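According to my numbering, numbering within the sequence shown proceeds without interruption in unit steps and concludes at 165. Structure first, then comments.
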Amino acid sequence: MNQNGFSTGEEDSRGPLDKICCLQEDGFRCQRQAGNASYSKKIRNTVRQLKLHLDAVARHIYICDHHKNMIQSARTLKPSSQDETPEVDFSQLQMNTLRRYKRHFKVATKPSMNKAQMAEALLNHFKTISVNEKEALTFFIYTIKTNGNKLDQKNGNNNSDTPS
């Protein structure tokens, strides 16, 4: 039945198989009733960490309430940036910038690498760098408030605004 352009679901022709969760667990498709939550890029990494997979033959992306709750609890329990590294596209950088990064961090690479290989090697290095978020934010705010520049401090060029 169609009311005001919205389907009530009574005449839904997809059949019972399409109304189950679109995720696979332990190689088998979940048989629970799909809810209104849907699979998206935002939860893709969490789904992978939970060893779940999107079923390739599913004709929709709706997930059951059980998996929705699993995903939500996994996302709230994990530390903010420990498990998930930011996505940085090193291939967008110029070759000179990649070389400077390599030199600064003393990353060992083959001398005959092309740009794509260099970007991949440096991205792998970048993912290993740990950051103390509290310290970084504190220093950032201090630098902004004092109109300082981290490069000025490293090179020994002190501004009159920045303390020694």
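For each residue, glycine too, the CB sits at the ideal point set by N, CA and C. All values reported here derive from a predicted model rather than from experimental measurement.
Residue i versus residue j - alpha carbon distance
{"i": "Leu94", "j": "Leu123", "result": "11 Å"}
{"i": "Gly16", "j": "Phe91", "result": "Interpretation of Gly16 is limited by its pLDDT of 41, a score under 50 that renders its predicted location unreliable; the figure taken from the coordinates is listed afterwards. One C-alpha to the other measures close to 46 Å."}
{"i": "Thr139", "j": "Arg100", "result": "29 Å"}
{"i": "Gly10", "j": "Cys65", "result": "Here Gly10 scores only 46 on pLDDT, less than 50, and its place in the model is too uncertain to base an answer on."}
{"i": "Ile130", "j": "Asn46", "result": "20 Å"}
{"i": "Asn148", "j": "Lys43", "result": "36 Å"}
{"i": "Gln25", "j": "Thr77", "result": "22 Å"}
Three-state class that DSSP yields for residue i in the structure shown
{"i": "Gln34", "result": "strand"}
{"i": "Asn133", "result": "coil"}
{"i": "Asn138", "result": "The question names Asn, but residue 138 in the sequence shown is Leu. Note: Leu138 maps to helix in three-state DSSP."}
{"i": "Ser165", "result": "Because Ser165 sits at a pLDDT of 46, beneath the cut-off of 50, its placement in the model cannot be relied upon, and the following sentence gives the value as read from the coordinates. Coil, per DSSP."}
Beta-carbon proximity of residue i to residue j, cut-off 8 Å
{"i": "Ala59", "j": "Cys23", "result": "yes"}
{"i": "Thr110", "j": "Met96", "result": "no"}
{"i": "Gln32", "j": "Lys20", "result": "no"}
{"i": "Ile72", "j": "Leu55", "result": "no"}
{"i": "Val89", "j": "Phe141", "result": "no"}
Residues near residue i in its chain [Cβ-Cβ closer than 6 Å; skip 5 each side]
{"i": "His105", "result": "none"}
{"i": "Arg30", "result": "Asp56"}
8 Å Cβ shell around residue i - same chain, five flanking residues per side excluded
{"i": "Ser41", "result": "Ile62"}
{"i": "Lys69", "result": "Gly36 and Ala38"}
{"i": "Glu136", "result": "none"}
Min CB distance residue i to chain B below 8 Å
{"i": "Phe141", "result": "Note that chain B does not occur in the displayed structure, where there is just one protein chain."}
Neighbourhood of residue i by C-beta, 7 Å cutoff - its chain only, sequence neighbours within 5 removed
{"i": "Asn133", "result": "none"}
{"i": "Tyr102", "result": "Leu123"}
Start-end ranges of the beta strand (DSSP E) lying completely within the stretch 53-127, minimum 3 residues
53-55 and 63-65
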